[in-house]
Structures are given as structure tokens and as C-alpha cells.
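Here is the structure we will look at.
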Amino acid sequence: MAPWVTEHHPTTEELNACVQCGLCLPVCPTFRLTGRETASPRGRLHAMSAVHSGVIEVDESFAAIIDFCLGCRACEPVCPGLVPYGRALEGTRAEIDAQIPRRDRRNRWILGTALGSRPLMRLAGVGLSLVQSLGLTRLAPKRYRRITGGMRSLRGRPPSSIGHAGGPGDAGTVGLLAGCIQDEWFRPVNDAAIVLLEMAGYTVAAPERQTCCGALAAHDGKAGAASRYMTRNVDAFGGFDFVVATSAGCSAHLADYRWPGHEPVTLDVTVAVARAIDAGLLPKVDADRGDMAIQDPCHLRHAQRVIAEPRTILAAAGYQVVETDEVGLCCGAAGMYTVLEPEASTRLGSQKADQVRATGVRKVASANPGCEMQLRSHLEDDYQIRHPIEWYLESLRAEELG
Ligand code: SF4
Ligand code: SF4
């Protein structure tokens, strides 16, 4: 039997790029938790190479090694071989999905169908809002309690931004990827993006035809679903100058899209807003608004190397930024990781919460919905956690600048 059966598998070039130096081991959260070589980037690449050369098969033991990886990509920036680890991981997960397809039907439906269906997402949003109103979130199945416990209150949430179009357009046109979970559970972040980008001079539109970006499906090996979502979004966003996402996981995935013909610039909203501040298109607040603890989502810091921009935004909002973690270790949210690897996820979430507590600051900025929920589920109720652009817009309004 051929070791790989899909076109997505890790290539010889990708695998041979690893020179086995081990520089990635100290930054890998799962290696730090366990000390096991098979829980390190080098060990996982070694296992992929063993499949590639036909020494081992894609079986449950191999899948367990790959499943335990967070996909945080902290191993990429430190790698002298420039191993495209995230790409190799997604390809390997697609292989596991193809070769052991019966192992996770529920995930397949959630990632491949539900996230791409606006009616199903709306129904889930209404249902969860009702569950929150009745105080029943603690009755959720145990493995989902970190998610339900970390959600924002959905009561009184604003309408979806999908269908919105407005703004002057002097600076260019922005297509807003509203997202699947972001559009249902984090609407104030999308609203803040629209207000700020229109203030900066852009026309902002959130086209009806868009769908989930496909990041969660791709990270879980559902390559067919991810490709379907990409095709639909490429059609929806093809005419814009910029496509902006307000979730770090989505913006990282947009960067991997293949656009036939006109290729818009894809940006995380923190980059778009920080650039507008630096260009003088958005104002800076003079008032001192105190301290703000910051958490860097892996898909911003490691996958996109975006570090300065959220700090630029918070400084323009009048905050003194307080660092929580100089190396940016993963908080353990990582897509479905809280559900699939609850023990490791909880240990990483507790560590991250301790780092925030150690700052003594109760206001926290995080630019990714999964990280925000993980932090909230591990921190006490008096911590306020929001996206950097929400903190910025709040400051502008308090100073009557926005
Ligand atoms: S840092 Fe890169 S080259 Fe070195 S062991 Fe890790 S993956 Fe391989
Ligand atoms: S993606 Fe994260 S958890 Fe996975 S090997 Fe790299 S550093 Fe470790």
C-alpha cells in the first residue's frame, strides 16, 4: 500500500528541510508539557518521514502523535531549516482523515457542514443565547464546558454585519470576512472593524455570499470542506482591494488562499487598523487609560509574525501595554483542542491564566476568539477580555474622537 493517498501529503522537500537541530523543542508547548520527543516538532516530522519512506503506516498510533500537536506553529519562527511545519501538519491531517475516515464523524459534520451553513449557525446562536439566559451552560457535556464557560453573553447582541456596505472609499475597498463563529458570537468585534475602517476612509462591505474561511476544517484535516469554503469566498471577495478578517485564525488561513486573477491583499484587522493609525488616518488618544495585559494568539504571532500591531493599537488607545508572555506560548485553545485533548488544553490554559494574573492587570487584550474564550474560562469573572480594536474604539468614544 502506498504510504500516502492524497495530494495533500507532506513532500520530500518539506520533510528534508528539517536538519534535526532541536532548536524548536524549547518553544513547543506539548514538548514542554511532556518532555517526549514524539510530542515535539522534530519528533512529529520524524514520524511523518517514517510514513513517507514506508517504514510505518498511517494508523491510530501515528494519528495520536499528530493529534496531540496544537498546530500553534511556534516551531516555525525559530527553525533554521525554514520547515513549513503548519503546511506539513495540515497535509498529514488530511491523510489521516482520508485513511482513517470513520474516527470522527461528529467533527466532520461540525467542520464540514455546520460552520459553512448560516442557518445552522444562526440556530445554534439562538439556542446558546437561550441556554445562557436560563443559566444552563454548566449542563453542557463536560468536554464542551470550557467553550460554553468562556463565551461572551449573547443576550442583546447586535445584528450580524453580513450584508453591510458603507464608508467613503477614498482609501480603497475592504471586504470584511465576518466569519462563522465570529459572526455569531463576536459581532461587536466585526462592528468595531467596520466603524474604524470606515473612519479611516475605506468602503467596507461584508458580502452575503461569503462563508466560513475554512481554517478549522483545514487544521482538522477536512481538506475537501476547506477547499469548498475557499472557492466560495474567492468568488465573494475577488473584487476588493483588501480582505480583512477579525479573528487571527481566519486571517492566517486567508493568507493561504489561491486567487485566480485579481488577488486582494489579505490582512488581519490589527494590521489594517495599526497601519491606518501610523498613516494618520485614525487618531491617537492622549489620555492615560491605565494598564492593559496583552495575549498574543499563535496564529497572529507565530503564523503571521504580527507582534507590533496590536501593541500600536493599544498604545493609540491610551494604554500602557503589560506583557504576559515574552515567548508567546499557546493558551491551549487551538481550534477543537479543548474538546479533543482536554487535559493538555486545561494545563496550558491554567498556565496562561497564571501569567495574566501575575501582571495584576484586570483588562486583557486578545485578538482571537478561541484564545479569548480559553482565557475567560480560566480567569475570574472580574477580568475584562476584549479584542484590541474594541478597546481602541471604546477609548476613542470616551474621548469623543470616534
Ligand atoms: S528547528 Fe526546524 S530544523 Fe531544527 S529540529 Fe526543529 S523543525 Fe527540524
Ligand atoms: S505546532 Fe506547536 S505544538 Fe505542534 S509541534 Fe509546532 S510548536 Fe509544537
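Under the numbering used here, residues 100 to 501 are what the sequence shown spells out, in order.
Here a beta-carbon is modelled for each residue, glycine too, at the ideal position from N, C-alpha and C.
Identity of the residues DSSP links to residue i by a beta bridge
i: L276; result: A344
i: E422; result: I393
i: V463; result: A392, I484
i: L235; result: Note: L235 sits in no beta bridge, so no partner.
i: Y436; result: Y436 pairs with nothing; no bridge assigned.
i: G265; result: V303
i: T365; result: V342
i: G271; result: Y301
heavy atom of ligand 1 below 7 Å from residue i C-beta
i: Y184; result: yes
i: V118; result: yes
i: G271; result: no
i: L144; result: yes
i: L122; result: yes
i: P179; result: yes
i: C174; result: yes
Exposure of residue i, with buried meaning 16 or more beta-carbon neighbours within 10 Å
i: Y301; result: buried
i: K63; result: Within the shown structure, residues of the chain are numbered from 100 to 501, placing residue 63 beyond reach of any answer.
i: K241; result: exposed
i: S232; result: exposed
i: A277; result: buried
i: E408; result: buried
i: N115; result: exposed
i: G427; result: buried
i: S139; result: buried
i: T212; result: exposed
i: S160; result: exposed
i: L229; result: exposed
i: Q483; result: exposed
i: C168; result: buried
i: P200; result: exposed
i: H401; result: buried
i: S363; result: According to the sequence as given, residue 363 is Pro; it is not Ser. It is buried - the Cβ of P363 has at least 16 other Cβ atoms within 10 Å.
i: V507; result: Absent from the structure is residue 507, since the part of the chain shown begins at 100 and ends at 501.
i: D387; result: exposed
i: A378; result: exposed
Proximity test, residue i beta-carbon vs ligand 2 heavy atom, cut-off 7 Å
i: G170; result: yes
i: P140; result: yes
i: C470; result: no
i: C127; result: yes
i: C430; result: no
i: F161; result: no
i: F339; result: no
i: F130; result: yes
Ligand 3 heavy atom lying under 7 Å from the CB of residue i
i: F285; result: Questions concerning ligand 3 fall outside what the structure shown contains, since the ligands it does hold are ligand 1 and ligand 2.
Segments assigned alpha helix (DSSP H), at least 4 residues, entirely inside the segment 109-151:
111-115, 128-133, 140-151
Uninterrupted alpha helix (DSSP H) stretches inside the segment 187-260 (no shorter than 4 residues) = Counting only runs of at least 4 residues, the segment 187-260 fully encloses the following alpha helix (DSSP H) elements, listed from N- to C-terminal order: 204-211, 217-232, 244-249.
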